[in-house]
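The structure under discussion appears below in the form of structure tokens.
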Amino acid sequence: MCICNASIVNCKSPEETIDISKVTIPYPIIAGSSKIWEQVIRAEETLVAATLLLVALVKGFNSETAAQLLHDNIRIMDDIIVHLLHDSGQDGGHRTPRVEGSESRLADCFRTTARIRLNSARIKLHRYRAMMDNLRILSRFDTNHRSRVSASDGTLDCATSLDATKAAKIFPFSAAQSKAVCQESASSIVNGLKQLVNSESALTPCFCSGLLAGYTLMMISHFDSSAHSEGTHPGVSQETQKKLSDGVETAIRVLAHFSRGFGAVAALKDQLEIAAIACDLSEGGSYNTGAA
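This note's numbering numbers the first residue of the sequence shown as 3 and each following residue consecutively.
Shown next as structure tokens:
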């Protein structure tokens, strides 16, 4: 778990790897099954893989030779995440038999945490494709630095263009498909975090996923609103906009809960709240963190 989290934070492959096939110590048994622990470990490993694939995407975006490999790897990674989410019970199937008591609550906590981390991996896999119609996101891939902010009016002048053919070579999904995946995954993360708060239990990596979900929902809302005001996009419905806003608010509330006694987490929560207020997605001032 420590090796996985270090790789996620540093966006680098682990300097030291563990050959799982050579590990003979069995997973601990929770609620009569060791599968739950395995699901958590697999989820963290998958999040590492998605993070490293995202790094490879940014580095190899303008490489014609890397396009097909990126396309295939993104498709394979998405299939793996969907399979693991199904296995973890996100769609209601393959649940571990429930055992009443504290072990059952712990099992639910682990299972929910695994789903949160898998949805985090799926967001990382899809978010650039989802937002690539926005020139500021597209400029992240401009390795020749042809994108610049105009000194005269502050608008982005981006010489890089992503035509449909190039997008199809690199991404196995459309922007609309990836945006839907990001919104669904971020909402699932927020709902999972609410479950952990209500059960009075949580595992430490989850606050990072809360930040990811909050910013993802915020970006979808902000970019859609901006595109609508500029007349380049029809925008989202009021119902969808409310769901996005509610999701951001919930992410802030959950992070406020997790930040009690942890100043660093409280600071990250404050940054998310400030950004939400700037995007008119939060009124602010209503979250008592109780942080020391």
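We put the beta carbon where it would ideally sit given N, CA and C, even for glycine.
From a predicted model like this one, the values you see are computed outputs, not experimental measurements.
Annotation: Val25 is outside any alpha helix (DSSP H) and is labelled neither H nor E by DSSP.
Looking from the CA of Thr114, the closest CA among Thr167, Arg129, Glu46 belongs to Glu46.
Beta-carbon to beta-carbon, Ser180 and His128 are separated by about 4 Å, close enough to satisfy the 8 Å threshold. Taking a C-beta distance under 7 Å as the contact criterion, Arg117 and Gly194 qualify as a contact pair. Going by DSSP, Gln92 is part of no alpha helix (DSSP H) at all; its letter is neither H nor E. Under DSSP, Ile32 forms a beta bridge with Ser35. In the structure shown, Ser247 adopts helical secondary structure according to DSSP, grouped into three states. DSSP, reduced to helix, strand and coil, places Met134 outside both helices and strands of the structure shown, so it counts as coil. Residue Lys37 holds the alpha-carbon nearest to the alpha-carbon of Asp89 among Ala51, Lys37, Phe63, Leu59. A distance below 6 Å between beta-carbons, with the five flanking residues on each side excluded, links Ser247 to the following residues of its chain, in chain order: Leu283. In the three-state reduction of the DSSP assignment, Asn121 falls in the helix class, which pools H, G and I. Taken atom to atom, the span from the alpha-carbon of Leu86 to that of Gln41 is near 8 Å. Rounded to whole angstroms, the gap between the alpha carbons of Lys171 and Ile76 is 11 Å. Bounds of the alpha helix (DSSP H) holding Cys184 are 177–200. Judged by their CB atoms, Thr218 and Lys126 are not nearer to each other than the 7 Å cut-off. Closest in alpha carbon position to Thr19, among Asn121, Asp110, Val50, is Val50. Exclusion of the five residues before and after Phe112 leaves Ile38, Val42 as the residues of its chain whose Cβ lies within less than 6 Å of its Cβ.
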